[in-house]
Every structure is written in C-alpha cells, then in structure tokens.
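Chains as they are written, first to last, in the numbering used here: chain V, 761 to 1189; chain D, 13 to 328.
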C-alpha cells in the first residue's frame, strides 16, 4: 500500500515537472521577441560574438581604431569558448537573440545559418570587392547573396626543414618526379621523408587537399566537378587517391597509429624532413622549436600544370538579422573590409589576411599570402563538399583511412565519395 | 471533558497524518533534479526523434521516419550494427576477463592471504583516476613509437610483436576494452568480496566438517551463495558496456577511428547528434532516435536481468 502510493506520487511529480518545464519554455520563447525597442539614441552599443577568446586584447585595438572614425558607436567583444561557441550562438539565434555581430564559421555550417534566415545579407557593402572570390565564397548563401566579411585565409602546403634540405644538398622540387626522387633520397639517409600519420581522419583530407590538386589538375578540375561535368570516379580524381597511397612508402614507421601530436613532434625535432600541414601550425612549430628553419613549397604538379598552394577563407563576420542596430553593425563590418583593419589583423593575430593587398611583417607568412594570390587552389572538400550527412569530406577521410589499413582500394575510395556526394550535391543529381 | 479529549485526539490524528504526509515531501528536491536532468531530456529526445531536422532548425513532423532511416538507410544502418557488435564484444570481454579475474582475486583476498588489504587497495586504485586521465595515460603507453608497451617489447627482443596498437583495427578495440577491464576490476573485486564476506560462517564450517575441500567448497558451496553478487555485477557491466563512451572518446575521438573499428553506440550517437570532430553536419532527429532506441534496449534488458535475479534469489 505504502509502496504503491510512493510510486504514484513519483509519477505525479515527474509528470508535473515535465509539464511545467515544457510550458515555461514555450511561453518564454514567444514572449521575448515582442519586447519593444528602447529609444536611447545617444550611444549605440554593439556586441560581437566569437570563438576566439585568445584574441580579446587584439580586438580591443581593432575597436579603438574603429572608434577613431565612429566615436558614437560602442563595441564590445564578447567571445565564448571555442568548443561551445556553436551551441551558444545557435540557441541564442533560435530564441531571437544573440550578439549584433558574430564570427561565422566558413562554408556549410555558416551558410546553413544564412539559409535559415538568421543573418542579414550584406547587399552593396562597400569594400567587399577588395576580396577575391575564393575568400567571399566561404560566407555566400545559397541565394547567392554575401552574408559575411571574410577575415583570414588558411592555407595548406608542404612545410620542410631547411636545415635537412641544405644538409643533403636538396632543392625544392619543381615537378612531381623530382618530389618523389627527393623523398627517395631523404629515406636513404635514414630520415623520415614525410611526417604524416593516418590515425586521425582529418589529417588525411588535409593531406589530400595538398597532394590531390597535383594529380587532378588544380582549379580546372574543381570547376568541372562543381559544374557536374565530371565526378569523383574520374581518372583524374582516382589518380590523386593513388598518389596518396604511393606516398605511404615515405611515411614514418607505424604511421597508422600516429596522430597530430606525434607527427608534429617528428617534424619539429628534425626526425622528419617534410610536414604536409596548415598555416595555423607556423606559430606552434616555432614555439616548440625556435631553432627550426621552417620553409614551405607549393606542391609541384604531376600533370604539367602550375604548382599549387591550397587556400580557403577560414572565418568571417556577419550581422545578426534580429539585431536592433543593423545600420551601425554594417558600419563596423565596412571597417573590417579596409586595409587598415587588415594590417592590424595580420599584425595582432599573425594570420594571412583575406584582403590580398595586406602585407605581413613575417617573411614566411608574407610569401605564403603572395603565393595564395598567384597559385591558390581551393581546399575542395571543405569549400564545396562539406555537405551531406556524413559529409563527403568525412567520407573521404574514413575511406582513405581504410585504404591505408589495406581494407579499401583507391578506386573504392573514389567510389564511396561519389556515392555519398550523389545523395546531396545538386549537380550530381 | 469529553469534547476536550475529542479535540485532543483529533489533533493527534491530524499530527500523525501530517507526519505520514511530510515524509513524502523529502524526496521532492531529488525528484526535481531527477525530473529536470533525466526525465525531461529523455522526453525531449523522444519528441525530437519524431521531427525532420535541418541543421539546428526543427522541420516537419515525420513520425517514425528517423527510426526507419536508422535501421535501413546506408551508411547509418551499417554503422549502427557495427557499433552494436562492438558493444556486445565490450560486454562479453568484460564479463569474462574483468569479472572472471575479479571473482578469483576476491576469493583469494577472502582466504585472508598475507597483504590482502594491500591488494584490495591496489586493484581499486585505477578507479580513483578520471576516465580522461586513464585514456590519456594508456594512449601514451600504446603509442607506437614512444609508448612504453612497444619500448618494453623491443627491450625483450620481441620487435615482431610491436604494433600500432590504437591505429590497427585488429587491436584498437580490444586494447580499449582491456583498459576498461583494468579500470573496472577494483569495483568488481569489492562487490565480490562483500558477497563472500556476507556468507554465514556456520555454513562454511558445516561444509568443511562434511569434508569439502578448496575447489569443492568454491564450486558447490560458495559459488551458489554468490549468485546475488554475480547478478548485480552482470547488470552493472551490461549497462556500462552498452553506454561505453568516455574511454573510447578519450582514446580515439568521436569518429570511431581507425575505420570505425572502435565505434560504440554512444560514440555513434554523439557523432550523429552533435557532429563529429571532423566538422560533420548534425542529425539531431537521427541522434535522438538512436538515444531512444538505446534507452529502450538497455532498460528492457536490465529489467529482464533483474527479474531473473529475483527468481534466483527466491530459489535459494
């Protein structure tokens, strides 16, 4: 009898609880947007949401520079933790709130927010034409409108240890055959030619981003495949996968068990001569080993085209469609398009500005950004094939991993990626 | 006089009634927390699973389509069954290796060997570490080039046995499960030891007088009396095996790497619902459906196991 009552009570309480919390949530979200504007016209305050907590000091300087032109607009930089940023931003946007300006993730995830109507289009914002199309594409909605001002370019390329190269009398390769010959020479000397491990999938799509264009022929192929004129089963793409397979002869021992930390260590301790990786690692490598003589070279082509640096826009700023101060927010975004901001940005954050006119005081970063304007090819899997579920990019990573484990063929990899892309990529349907 | 007494008794009755009732007020804080963090999310997941999701935006009501996709649409269905089979392996190996070993160790400690206290603590020590620390530690040990395991094998001239333990699909899952066994051993030892210690001394003495020796004592007398502890461990191991997440995530990330060879249902759920470490798109509907399926599966089997346990107890 007593037991029965307890169970009954428990049921009642839990039911009430759920009912109450469900109700309060509904009313809460429908009430909020009805709040009326406060008419304080004197000084507008804009808030900026971002995942770059480490950039707070840098943005204080950016805001200071902005306030020289617009003293009446107060700007607050309010970053949140990198891994929690998406969740925080998404929930805020869903309830009709969120910062006036926010850092937008590039390509598919950012574009999804634009397509859902949470972002104000930047029609006719002055200064946008300073950016190349590759940089703008990262925040272009499916409707063709521009939704973000690009900030920085990320690049992937082959880094190399200049000391090892000069010690062995080696030169930067100009053709694919020279590249392979170079690898052979390094291997004979008992040094690991390429620091790459296959334990973490993302390393593989990143490496394919560097090595792939040398075989599928860079931008021409990218244009063809995005138009649907060719596909992943084409000989060009399969060759790029085969090249990845051949290179395993130059990877470290037990490469299938090595992750990012392991391969980075192999490179900065001088055990490996080359490291196919992104520009974001420059600062890390220098911190780990200040004596490292770091160089990079564009990947030489195997099909008689130009050597390539892989580049893509890695972040942009957007205006919240629900912001009460859209006009002021757009003024801030316009400031972000200026050369003045670009220079401040590269200086403070040590990254390649998305604005190609901006120079950096770091020689390596500078020559990289020069290379980007001349011989860049997009990181195809991130820029065009990050859609679907699982994404085509993730499928490539998984199947490449399978290939390195001997459970998949290069043709099989290409086939699986094609199969996945056909489920969502419009030109293939 | 009469009426006064009457009001007095009424008061007493009222007080007694109130006392009986106010007992029911004490669980309220617990119920609030339970409802807020267990029941509500569960029902929320249930409701999410009936909708079509476009990224973070809830779309139309689609009934059981998410459940259908989970079991019929490629690559989701093959990922599901692959992860499920890994969970089964998790359970079997933990039952045999972890709990088998724990039973023997508990028996040895129960025999009051020298240093019993020390062993009891030694077995339990890993449990005091956070799972993330355990994962990181073993990741270092398993590292193919700098890790202690391969270095040791090299020292003993066993280079041929050196392996990229966590990078090889043949060894990665087993390595993780064995680490989990190491981690969970102490807890099982404690439960079994408590079981042994609760067996009445008279029973054992009587058996000894009847001439039961070590092995016979164990199989004929102690083992049957240990059935309740064994059942408890079985249920706990079952739940833990099918919820396996932290250690896999700490050692291999959310992709079930390499080549999905270490995927478990919980890791697969995480990847579906929140997007993988590879910047994958989220599938909240499918993820919620998987969570509901997982909940139903675990609760049903736990209920069956508990029922079996009750029966066994009565038989004794």
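Note that the Cβ used here is the ideal one computed from N, Cα and C, for glycine as well.
| Asked | Found |
| --- | --- |
| Cβ-Cβ separation, residue 1072 of chain V to residue 1015 of chain V (assumed contact under 8 Å), whole Å | Their Cβ separation, rounded to whole angstroms, is 26 Å, which puts residue 1015 of chain V and residue 1072 of chain V out of contact at 8 Å. |
| Residue interval of the alpha helix (DSSP H) (run including residue 1161 of chain V) | 1152 to 1164 |
| Of the residues V:883, V:1056, V:991, V:999, the one placed nearest residue 905 of chain V, counting alpha carbons only | V:883 |
| CB contact check: residue 170 of chain D to chain V, cutoff 8 Å | no |
| Three-state secondary structure (DSSP) of residue 883 of chain V | coil |
| Neighbour-count burial assignment, residue 228 of chain D, 16 or more Cβ in a 10 Å radius | exposed |
| Segment limits, alpha helix (DSSP H) that includes residue 839 of chain V | First-last for residue 839 of chain V: 833 to 839, but that is the beta strand (DSSP E), not the alpha helix (DSSP H). |
| Interface residues of the segment 950 to 964 of chain V facing chain D [CB-CB below 9 Å] | 957, 958, 959, 960, 961, 962 |
| DSSP state of residue 782 of chain V mapped onto helix, strand, coil | Caution is warranted here: a pLDDT of 46 is assigned to residue 782 of chain V, below 50, making its placement in the model unreliable, and no coordinate value can be reported. |
| Residues, ordered as in the chain, of the segment 999 to 1022 of chain V that lie near chain D by beta-carbon distance below 9 Å | 1012, 1013, 1014, 1015, 1016, 1017, 1018, 1019, 1022 |
| Cβ contact (3+ pairs, closer than 8 Å) linking the segment 1074 to 1094 of chain V and the segment 909 to 918 of chain V | yes |
| Inter-residue Cα distance where the pair is residue 314 of chain D and residue 809 of chain V | 45 Å |
| Members of the segment 904 to 916 of chain V that neighbour chain D once the beta carbon cut-off is set at 9 Å | none |
| Closer than 8 Å to chain D by CB, residue 1149 of chain V | yes |
| Amino acids of chain V, ordered along the chain, whose beta-carbon sits closer than 7 Å to that of residue 271 of chain D | 1158, 1161, 1162, 1165, 1167 |
| Strand pairing of residue 70 of chain D, partner residues [DSSP] | D:65 |
| Which of helix, strand or coil DSSP assigns to residue 306 of chain D | helix |
| Rounded straight-line distance, which links the Cα of residue 36 of chain D to that of residue 21 of chain D | 23 Å |
| Identified DSSP bridge partners for residue 1054 of chain V | V:921 |
| DSSP-derived helix/strand/coil call for residue 169 of chain D | coil |
| Status (buried if at least 16 other CB within 10 Å, exposed otherwise) for residue 320 of chain D | exposed |
| Beta-carbon gap between residue 957 of chain V and residue 1157 of chain V smaller than 8 Å | no |
| Cβ pair residue 1080 of chain V, residue 866 of chain V closer than 8 Å | no |
| CB contact below 8 Å: residue 29 of chain D versus chain B | In the structure shown, chain B cannot be found, because the protein chains are V and D. |
| Residue 1085 of chain V, DSSP secondary structure in three states | coil |
| Residue 1095 of chain V burial status per 10 Å Cβ neighbour count (16 or more: buried) | buried |
| Test: residue 138 of chain D CB closer than 8 Å to a CB of chain V | no |
| Chain D contact for residue 1073 of chain V (CB, 8 Å cutoff) | no |
| Chain-order list of residues whose beta-carbon lies under 7 Å from that of residue 1175 of chain V (same chain, five-residue window excluded) | 993 |
| Interface residues of chain D facing residue 1081 of chain V [CB-CB closer than 8 Å] | What residue 1081 of chain V touches in chain D: nothing, since even the nearest Cβ is about 14 Å away. |
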